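As structure tokens, the structure follows; a few thoughts come after it.
Protein chains: 2
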Amino acid sequence: MQRLRQRICEQGLVLSDRVLKVDSFLNHQVDPALISEIGKTMAERYRHEGITKVMTIEASGIHIAFAVASVLGVPFVYGKKKKATTQSDELYRRSVYSYTRQETYEITVSKPFLSVADTVLIVDDILAEGAALNGLIGIVHDAGARLAGVSVVIEKSFQSGRKTLDDAGIPVYALARISKMSPETGVEFVHENDEEAVVR
Amino acid sequence: MQRLRQRICEQGLVLSDRVLKVDSFLNHQVDPALISEIGKTMAERYRHEGITKVMTIEASGIHIAFAVASVLGVPFVYGKKKKATTQSDELYRRSVYSYTRQETYEITVSKPFLSVADTVLIVDDILAEGAALNGLIGIVHDAGARLAGVSVVIEKSFQSGRKTLDDAGIPVYALARISKMSPETGVEFVHENDEEAVVR
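First to last, the sequence lines map onto chains A and B. Heads up: the first sequence runs through residues 1 to 200, numbered per the working numbering. Heads up: the second sequence runs through residues 201 to 400, numbered per the working numbering.
Listed below in structure tokens is the structure:
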């Protein structure tokens with residue numbers, strides 16, 4: 001997605017060779033027009049996959065999930081990082097270790113919202129180590145649902161998340177794949193056109 | 201909003217005279233078509249207010265904010281409950297006491313995303329005691345921005361949040377106002393038509 005890559009170059013801040021700040025348009029302040037285009041692009045790719053549910057994790061995946069689910073015409077579910085007071089005890093649960101925060105937390109999804117009848121597309125804003133995504137994939141597995149794939153806005157290809165998903169045979173569709181970055185040289189993208197990005 | 205009230209009656213679960221579970225369509229599993237309609241309805245009300253930014257709090261306000269901001273054609277910002285690793289130290293901060301969780305947490309917004317030049321619409325899913333909303337209102341105040349109003353999907357009118365906002369002179373637009381509820385008798389709405397709901 002050319003417009004997204006351009007936005008990353010123009011407004012993303014490379015704080016180190018691992019930390020990219022995109023909170024002016026993606027995950028703190030959000031540009032709804034860009035997110036809508038991202039949603040359309042992701043939905044287009046999965047239009048013929050029989051998706052019944054889009055899933056994500058709170059908080060920064062929620063607007064992405066909304067945009068994709070709107071186009072596909074299906075509900076979305078966001079995994080919770082903290083048990084809600086109104087949540088029932090019938091929960092799918094997975095423990096997740098956050099590398100950035102260096103702490104373990106639990107993702108939960110209420111059982112009525114995910115079943116063996118579902119075909120799921122998981123979306124999120126950024127794929128780095130993929131810890132939270134793998135927790136959500138575990139929940140889809142626990143429910144006996146079919147996982148159609150994982151789609152992210154930005155993939156940091158030099159971190160381990162993409163390889164872990166590849167090794168598990170899970171199709172990944174990333175709209176912008178960053179091969180390398182540094183505060184001095186900025187962001188470099190994986191050399192590929194949009195079509196090649198989805199071929200594995 | 202008739203369709204919303206109907207949805208609350210049909211799919212909402214009244215767990216006690218204070219706790220309403222709407223997680224099958226509003227704040228865990230989400231129906232994007234309903235949220236889009238909610239966004240259009242809220243945006244319509246504020247179309248001529250010169251809104252430059254929609255604000256909410258993670259996580260369950262994010263899809264509401266996206267839907268409204270999309271129609272108004274402005275960015276939205278979600279207040280964070282936990283400081284992100286990429287967040288700068290230039291933050292607006294307010295402490296919030298959560299009645300449901302019985303704990304205090306901090307809402308933060310990065311300073312570059314809110315300024316004296318902004319006219320803000322604050323949105324959220326549910327107005328109960330209004331603690332988180334008041335934290336966000338404090339942040340809008342700290343930034344010297346103009347607050348056009350607060351709009352929520354569901355207001356539990358029997359809790360203190362609405363009165364606090366009324367007393368502070370802040371216009372509130374709630375799409376469904378619940379006057380009373382119990383597991384035995386279900387949900388009762390404030391008697392008014394949609395037009396009256398916004399008159400204070």
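We treat Cβ as the ideally placed atom computed from N, Cα and C, and that holds for glycine. Just so it is clear, the structure is predicted and the values come from calculations on it, not from any experiment.
Shown here, residue 138/A sits in a helix according to DSSP, grouped into three states.
The DSSP-derived three-state label of residue 25/A is coil.
Residue ranges of uninterrupted alpha helix (DSSP H) with 4 or more members, entirely inside the region 59-89 of chain A and ordered along the chain, are 62-72. Beta-bridge partners of residue 389/B (DSSP): 378/B.
Using a Cβ distance threshold of 8 Å, residue 310/B and residue 343/B do not count as a contacting pair. Just measuring C-alpha positions, the residue of 294/B, 212/B and 307/B sitting nearest residue 281/B is 307/B. Among the CB atoms of chain A, one or more fall inside 8 Å of the CB of residue 278/B. A contact between stretches requires three or more CB pairs, one per stretch, nearer than 8 Å, and the region 352-364 of chain B meets this requirement with the region 209-226 of chain B.
Sequence-ordered contacts of the region 222-245 of chain B with chain A read 222, 223, 224, 225, 227, 228, 229, 230, 231, 232, 233, 235 and 236 [C-beta pairs closer than 9 Å]. If you draw a straight line from the Cα of residue 242/B to the Cα of residue 296/B, it is about 25 Å long. Taking a contact to require three or more Cβ pairs closer than 8 Å, the region 126-139 of chain A and the region 159-176 of chain A qualify as touching.
Close to residue 62/A, with beta-carbon spacing below 7 Å, are these residues of chain B in chain order: 259, 262 and 263. Inter-residue distance for residue 122/A and residue 137/A is about 8 Å (C-alpha atoms, whole angstroms). Cβ contact annotation for residue 361/B (same chain, cutoff 6 Å, sequence separation greater than five): 327, 328, 329 and 330, in chain order. Residues of chain A with a Cβ closer than 7 Å to the Cβ of residue 270/B are, in chain order, 32 and 36. Excluding sequence positions up to five before and after residue 149/A, its CB lies within less than 8 Å of the CB of 46, 49, 121, 122, 170, 171, 172 and 173, all in the same chain and listed in chain order.
About 7 Å separates the CB atoms of residue 58/A and residue 258/B; that is less than 8 Å, so the two are in contact. Shown here, residue 384/B sits in coil according to DSSP, grouped into three states, outside any helix or strand.
At least 8 Å separates the CB of residue 182/A from every CB of chain B. Taking the Cβ atoms as the reference, residue 251/B lies roughly 28 Å from residue 220/B, outside the contact range of under 8 Å.
Residue 385/B counts as exposed, since fewer than 16 other beta carbons sit within 10 angstroms of its beta carbon. Counting the other CB atoms within 10 Å of its CB gives residue 216/B a total below 16, which places it among the exposed residues. In the DSSP assignment, residue 363/B falls within the unbroken alpha helix (DSSP H) covering 361-367. In the three-state reduction of the DSSP assignment, residue 1/A falls in the coil class.
Taking a 10 Å sphere around the C-beta of residue 382/B, we find fewer than 16 other C-beta atoms and assign the residue as exposed. For residue 52/A, there is no enclosing alpha helix (DSSP H), since its DSSP letter is neither H nor E.
For residue 312/B, the number of other beta carbons within 10 angstroms of its own is below 16, and it is reported as exposed. With a threshold of 8 Å between beta carbons, residue 310/B makes contact with chain A.
Shown in chain order are the members of the region 113-143 of chain A whose Cβ falls below 8 Å from a Cβ of chain B: 113.
Between the alpha carbons of residue 207/B and residue 375/B lies a distance of about 12 Å. In the three-state DSSP reduction, residue 104/A falls in the strand class (E or B). Residue contact with chain A for residue 266/B: present (Cβ-Cβ distance below 8 Å to some residue of chain A). Within the same chain, and ignoring the five residues on either side of residue 83/A in sequence, the residues whose Cβ sits closer than 7 Å to its Cβ are 108. In chain order, 252, 253 and 345 place their CB closer than 6 Å to the CB of residue 318/B, counting only its own chain and leaving out the 5 sequence neighbours on each side.
Residue 371/B is outside the set of residues whose beta carbon lies under 8 Å from a beta carbon in chain A. DSSP places residue 18/A outside both helix and strand once states are collapsed to three, so it counts as coil.
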